[in-house]
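Written out below as structure tokens is the structure these notes cover.
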Amino acid sequence: MLSNRVSAVLARRNVHYAWVMVGVTFFAALVSAGTVGAPGVFIVPLQQEFGWSTAEISSALSIRFILFGLMAPFAAALLNRYGLRNVTLAAQLIVISGLLASLAMSHVWQLMLLWGVVIGIGTGMTALVLGATIAARWFSARRGLVVGILTASVATGQLVFLPLLASITERLGWRVALAMVCVILAMAAFCVLLLMRDRPSDLGLRPFGDEGTEPVLAPPPNKAPIVAAALGTLRDCSKSAVFWALFAT
Numbered sequence: 066m067l068s069n070r071v072s073a074v075l076a077r078r079n080v081h082y083a084w085v086m087v088g089v090t091f092f093a094a095l096v097s098a099g100t101v102g103a104p105g106v107f108i109v110p111l112q113q114e115f116g117w118s119t120a121e122i123s124s125a126l127s128i129r130f131i132l133f134g135l136m137a138p139f140a141a142a143l144l145n146r147y148g149l150r151n152v153t154l155a156a157q158l159i160v161i162s163g164l165l166a167s168l169a170m171s172h173v174w175q176l177m178l179l180w181g182v183v184i185g186i187g188t189g190m191t192a193l194v195l196g197a198t199i200a201a202r203w204f205s206a207r208r209g210l211v212v213g214i215l216t217a218s219v220a221t222g223q224l225v226f227l228p229l230l231a232s233i234t235e236r237l238g239w240r241v242a243l244a245m246v247c248v249i250l251a252m253a254a255f256c257v258l259l260l261m262r263d264r265p266s267d268l269g270l271r272p273f274g275d276e277g278t279e280p281v282l283a284p285p286p287n288k289a290p291i292v293a294a295a296l297g298t299l300r301d302c303s304k305s306a307v308f309w310a311l312f313a314t
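Taking my numbering, I'd label the letters of the sequence shown as residues 66 to 314.
Listed below in structure tokens is the structure:
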């Protein structure tokens, strides 16, 4: 695989493959964040073309944000069960499918389904937990730095994408802008397919900063049903005062 060859080349230069994981994840999260913010640019064009009200369009966006947050516990369980690359790829394909289908939408219920439910689930599958999972699995040192970098990708994605999409929408229309988002998402998915690995042990490595000599073996996968595993984790977290402090903020 390409990741094995890249890892070998980097090792000769004393660079850990964990930083490739950070780069790939940053790009994927940046594009995902841009996708989450993109519909706000299209409110006026949708009103002009279909006559939908601001409340109707905003309802779809509200559904998306609700699912975006609710997916986090289930996303963590999915990542543990099926691996980083598989879940990230699936999430990106779901979002791409939803965006492509929305190019042909003509009724407000289709907007609710595609931009609300489909894109909400797709973006929520990785956005809130992927960065923390990368930091925990691939780094023994610099975890705070990594989490900070990957968290910054959310703001960076909206900072980069929204002005660009607004300009394209004004000149060429919202469908062209949306198609461009799909192309960039496909590029991110291709990078994930080629370069993302689940754990350092997949490449015969230890986490960055770990002084051991033998690869750390992956723990056995949790065989509990996804919903049960997610709710069990949520129940355990709810016993912590720190959890409720974070929830309140």
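Here a beta-carbon is modelled for each residue, glycine too, at the ideal position from N, C-alpha and C.
Quick caveat: nothing in here was measured; it's all calculated off a predicted structure.
For the region 125 to 189, the full-length alpha helix (DSSP H) segments reaching 4 residues or more read 137 to 147, 149 to 167, 173 to 176 and 184 to 189 along the chain. Here the alpha carbons of Ser97 and Phe130 stand approximately 13 Å from one another. By the neighbour-count criterion, in which 16 or more other beta carbons inside 10 Å mark a residue as buried, Asn79 falls on the exposed side.
The region 159 to 166 makes contact with the region 243 to 254: 3 or more CB pairs, one atom from each, lie closer than 8 Å. Taking 7 Å as the cut-off, the beta carbon of Arg146 is found no closer than this to the beta carbon of Met261. DSSP links Phe204 through a beta bridge to Phe273. Pro138 sits buried, since 16 or more C-beta atoms from the chains shown fall within 10 Å of its C-beta.
Looking at the backbone, the Cα of Thr221 and that of Val87 are separated by about 15 Å. Contact fails between the region 222 to 235 and the region 163 to 182, because fewer than three Cβ pairs, one in each stretch, are under 8 Å apart.
The Cβ-Cβ distance between Leu111 and Ile122 falls below 7 Å. Ranked by how close their Cα comes to the Cα of Asp263, the residues Trp203, Arg208 and Asp275 have Trp203 in first place. Closest in C-alpha terms to Ala201, from the list Thr153, Pro265, Met190 and Met252, comes Pro265.
As for any alpha helix (DSSP H) of minimum length 4 sitting wholly inside the region 102 to 126, the runs are 108 to 115, ordered along the chain.
Around the Cβ of Met66, a 10 Å sphere holds fewer than 16 other Cβ atoms; the residue is exposed.
About 4 Å separates the beta carbons of Ser205 and Gly274, which is inside the 8 Å limit, making them a contact pair. The beta carbons of Gly189 and Phe133 sit closer together than 7 Å. For Val71 and Ser118, the gap between their C-alpha atoms comes out near 50 Å.
In the DSSP assignment, Met252 falls within the alpha helix (DSSP H) that extends over Trp239 to Leu260. With contacts defined as CB atoms closer than 7 Å, Ala251 and Phe92 fail to qualify as a contacting pair.
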